[in-house]
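When we follow our numbering, the leftmost residue of the sequence shown carries the number 7, and every step to the right adds one. All residues carry an ideal CB built from backbone N, CA and C; glycine is no exception. First up is the structure itself, then whatever we jot down about it.
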Amino acid sequence: MLRSEIEKLDVLTFDGVTDAWADFIAFHKRFGPKGLLHGEMPYDMVAGPMFRRFGKNGIVRAWPDRIQFSIHTEEAANVLQGYTTWKSLPE
């Protein structure tokens with residue numbers, strides 16, 4: 007698989023713990039996955055800081071130095087499948 011295939015995906019990326027990231031998290035925790043739609047289509051993937059919990063007064067908290075990715079379309083899953091190596095689990 008080529009990097010160009012990943013670059014074709016519609017990815018929403020948050021580069022850090024920002025107000026936009028906190029608003030996105032709060033909105034989607036309230037309204038669920040259907041809110042991931044834009045133009046009635048889902049993002050292929052969303053990437054950004056890992057949500058930890060809601061703090062006092064509803065402040066969104068992140069785990070420090072942790073990133074999470076969520077995959078939302080079959081196209082994204084198929085592209086990323088090419089980068090995955092499956093190993094057998096020990097018995």
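Using a threshold of 8 Å, state whether the C-beta atoms of residue i and residue j are closer than that.
| i | j | result |
| --- | --- | --- |
| residue 53 | residue 17 | yes |
| residue 56 | residue 72 | yes |
| residue 78 | residue 51 | yes |
| residue 80 | residue 15 | no |
| residue 3 | residue 20 | Any question about residue 3 goes unanswered here, given that the chain covers just 7 to 97. |
Reducing DSSP to helix, strand and coil, say where residue i ends up.
| i | result |
| --- | --- |
| residue 86 | helix |
| residue 73 | strand |
Quick one: Cα of residue i to Cα of residue j, how far?
| i | j | result |
| --- | --- | --- |
| residue 68 | residue 87 | 28 Å |
| residue 22 | residue 28 | 10 Å |
| residue 66 | residue 49 | 22 Å |
If you follow the beta strand (DSSP E) that residue i is part of, which residue opens it and which one closes it?
| i | result |
| --- | --- |
| residue 33 | Premise fails: residue 33 lies in the alpha helix (DSSP H), 25-37, not in any beta strand (DSSP E). |
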